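Heads up, the thing below is written out as structure tokens.
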Amino acid sequence: MNYCKHSTGLLLLLVIGCGVKAQIFNNVPKWQFGVGGGVFVYQGDLTEEKAGSYKTLRPAIQIFGGKLVSAGFGWRLNVALGSLEGDDAKYAEPEYRRQRAFNFNTPITEISGMMEWNILNRNYANRKLAPYIGAGVGYTFLKIERDWSRFNNEYFLANSTTAIGLNEDLQHDPPRGKFIIPLVVGVRYFISDKVGIGLETNYRRISTDYLDGFSEAANPKKGDGYYSHTLNVILRFGKVNTLDCPVVKY
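Under the working numbering, think of the first position of the sequence shown as 1055, with each following residue one higher.
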């Protein structure tokens, strides 16, 4: 009898608990949509900064939308627009950079898809910091314009590695587009059920050393890349019950 009472009591607690959770997690958001603005940062041969060229930052905007699969996971599609720029002459040291004076620019039109992991399982939370990471695959469209018109032929001898490399580079057409692997880290904070803000860094791995139009004349062992920092506004919408428990009415 005591066993039955205890079992009945435990079952009642589970039902009540399930009902409470159902009330908490019932009608959680199903989709998210966001827009953001920030900067693109170029990484490659035409900068002395290991973290990228913060002397040639360019504007970036992004639009994204996706589905919240659970409290911890989701996916999204992302469109990013902007441009990249690099310029040797922005750096006084080492001296050869202003003598070489290579520069480039390109517009960026990028489409990607990625999975996200909300590390603290806070996809549905309000007024809590929600850090996340993500990875995916995408494609970026480029229109690279490279400029070597300020190259100092007197400083670099004709048989120098730089001069020979420049001739080789000019035989190589820059890519019009490349596949990328976006790697994302960010944090979100929702001020209500529907509206939130977020900070995000999105690094792109890209399989070319000609993002800046130069390779052999610079450093063929050092690959190019780029990333963005954005401030985003996010909207959550659509409703779905995440639990199978029936809602208990009291």
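Cβ coordinates follow ideal geometry from the N, Cα and C atoms, glycine included.
Everything numeric in this text was worked out from a predicted model, so none of it was measured.
*C-alpha distance - valine 1241 paired with threonine 1215, whole-angstrom precision*: Rounded to the nearest angstrom, the two C-alpha atoms are 45 angstroms apart.
*Specify, as a first and last residue, the run of the alpha helix (DSSP H) that glutamate 1222 falls within.*
Glutamate 1222 -> alpha helix (DSSP H) spans 1215-1223.
*Classify lysine 1144 as helix, strand or coil using the three-state DSSP reduction.*
In this structure, lysine 1144 counts as helix in the three-state DSSP scheme.
*Are at least three pairs of beta-carbons, each pair with one atom in the stretch 1162-1182 and one in the stretch 1139-1154, less than 8 angstroms apart?*
Result no; under three Cβ-Cβ pairs closer than 8 angstroms.
_Opening and closing residue of the alpha helix (DSSP H) in which arginine 1151 lies_ = Looking at the DSSP string, the run of the alpha helix (DSSP H) that includes arginine 1151 is 1150-1154.
*Is glutamate 1270 helix, strand or coil when you go by DSSP?*
Glutamate 1270 falls in the coil class under three-state DSSP.
*Where valine 1123 sits in the DSSP three-state scheme*: For valine 1123, the secondary structure class from DSSP, reduced to helix, strand or coil, is coil.
*Compare the C-beta of asparagine 1206 with all C-beta atoms of chain B and state if any pair is closer than 9 angstroms.*
Of the protein chains in this structure there is only one, and it is not chain B.
_Here's the rule I'm using: 16 or more other beta-carbon atoms within 10 Å means buried, otherwise exposed. How should isoleucine 1078 be labelled?_
Because the pLDDT at isoleucine 1078 is just 47, under 50, the model does not fix this residue reliably, and the value given afterwards should be weighed accordingly. By the neighbour-count criterion, in which 16 or more other beta carbons inside 10 Å mark a residue as buried, isoleucine 1078 falls on the exposed side.
*Round the Cβ separation of leucine 1224 and phenylalanine 1205 to the nearest angstrom and send it over; I've been treating them as touching at under 8 angstroms.*
Not a contact, Cβ separation roughly 11 angstroms.
*So the beta strand (DSSP E) asparagine 1172 belongs to, where does it begin and stop?*
Where asparagine 1172 is concerned, the enclosing beta strand (DSSP E) stretches over 1157-1172.
_Residue range of the beta strand (DSSP E) that includes glutamate 1103_ = Under the DSSP assignment, glutamate 1103 falls outside any beta strand (DSSP E); it carries neither an H nor an E label.
*Taking the Cβ atom as the reference point for each residue, do valine 1052 and isoleucine 1117 lie within a distance shorter than 9 angstroms?*
With the chain covering only 1055 through 1304, there is no way to say anything about residue 1052.
*Count the other CB atoms, across all protein chains shown, that sit within 10 Å of the CB of aspartate 1201; report buried if there are 16 or more and exposed otherwise.*
With fewer than 16 other Cβ atoms within 10 Å, it is exposed.
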